[in-house]
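In the numbering used here, the protein residues as written are 13 to 204.
Backbone N, C-alpha and C fix where the C-beta goes; we use that ideal spot for every residue, glycine too.
Heads up: the structure comes next, in structure tokens.
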Amino acid sequence: MRDSAVDEARIELTSHQPKSLWKTLGRLLPMCFLLPFQLLRHGRNGLYFRHPSSTVNGRVSFGRFCEVGAHVFMNAGPDGIRIGRFSQINPLTSIVGNVHIGDRVLIAPSCSLAAGGHRFGKGIQPRFSGGSAPQSIHIEDDVWLGASVVVVGNITIGHGSVIAAGVTLDRDVPPHTLVRRGTQAFVFEPLR
Numbered sequence: 013m014r015d016s017a018v019d020e021a022r023i024e025l026t027s028h029q030p031k032s033l034w035k036t037l038g039r040l041l042p043m044c045f046l047l048p049f050q051l052l053r054h055g056r057n058g059l060y061f062r063h064p065s066s067t068v069n070g071r072v073s074f075g076r077f078c079e080v081g082a083h084v085f086m087n088a089g090p091d092g093i094r095i096g097r098f099s100q101i102n103p104l105t106s107i108v109g110n111v112h113i114g115d116r117v118l119i120a121p122s123c124s125l126a127a128g129g130h131r132f133g134k135g136i137q138p139r140f141s142g143g144s145a146p147q148s149i150h151i152e153d154d155v156w157l158g159a160s161v162v163v164v165g166n167i168t169i170g171h172g173s174v175i176a177a178g179v180t181l182d183r184d185v186p187p188h189t190l191v192r193r194g195t196q197a198f199v200f201e202p203l204r
């Protein structure tokens with residue numbers, strides 16, 4: 013009689029739990045073991061962190077202990093994309109073309125770095141023009157790009173510069189410079 017009471021209790025416990033719960037746990041359990049290995053990767057330059065939902069197309073070189081966040085899109089140009097040591101690229105950032113990112117660079121969320129563009133003019137349709145001459149973006153060491161910064165064209169951002177949130181850069185930035193929005197135009201001022 014005691015065995016039948018135990019069997020009834022087992023049936024009662026399992027009947028309250030949805031059957032799909034066990035299937036879901038069975039599917040998710042392997043990910044608990046695999047996810048840390050997808051985040052931590054080993055490249056030529058050592059270990060780096062790359063979120064599984066980031067997209068990489070073309071030749072991209074990751075520096076030691078750099079970090080690439082979720083939903084980062086990288087589409088390398090002919091010369092590739094190079095990311096330096098201890099650099100951090102936060103979520104929702106897009107990097108397209110030939111881009112060189114130095115060491116200890118911080119890129120905030122939702123930034124866009126686009127080297128190159130399209131030819132346009134009278135009688136030229138930009139989407140069929142095949143793009144312009146190869147251009148590249150060089151971001152030197154210890155640079156900080158604020159949220160939603162857009163970098164376009166063939167430019168260099170100097171060592172130790174800070175680019176404030178929401179700025180669109182289309183010209184070179186000298187070393188140790190703060191670029192922020194002014195009332196009429198962007199203000200380039202030396203860092204103190």
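With a contact defined as Cβ atoms closer than 8 Å, C78 and S65 miss out at about 17 Å.
Scanning its chain for C-beta atoms nearer than 8 Å, with the 5 sequence neighbours on each side dropped, one finds around R53 the residues L59, Y60, F61, R62, F74, in chain order.
Taking 7 Å as the cut-off, the beta carbon of A120 is found closer than this to the beta carbon of A159. When DSSP reads this structure, I113 sits in a beta bridge with I95, I151. When only Cα atoms are considered, S148 and G81 end up about 23 Å apart. Taking C-alpha positions only, D182 is separated from G170 by approximately 14 Å. Taking a contact as a CB-CB distance under 8 Å, the pair V117 and V155 counts as one, their CB atoms being some 5 Å apart. R204 is classed as exposed because its beta carbon has fewer than 16 other beta carbons within 10 Å across all chains shown. In the DSSP assignment, V191 falls within the unbroken beta strand (DSSP E) covering 189 to 193. The residue among D184, L157, R192 with its C-alpha nearest the C-alpha of G165 is D184. Within a 10 Å sphere around the beta-carbon of R193 sit fewer than 16 other beta-carbons, which makes this residue exposed. Among the bridge pairs identified by DSSP, I169 is matched with I151, V185. Residues G170 of the same chain have their beta carbon placed closer than 7 Å to that of P186, with the five preceding and five following residues left out of the count. For P202, the enclosing beta strand (DSSP E) has its first and last residue at 198 to 202.
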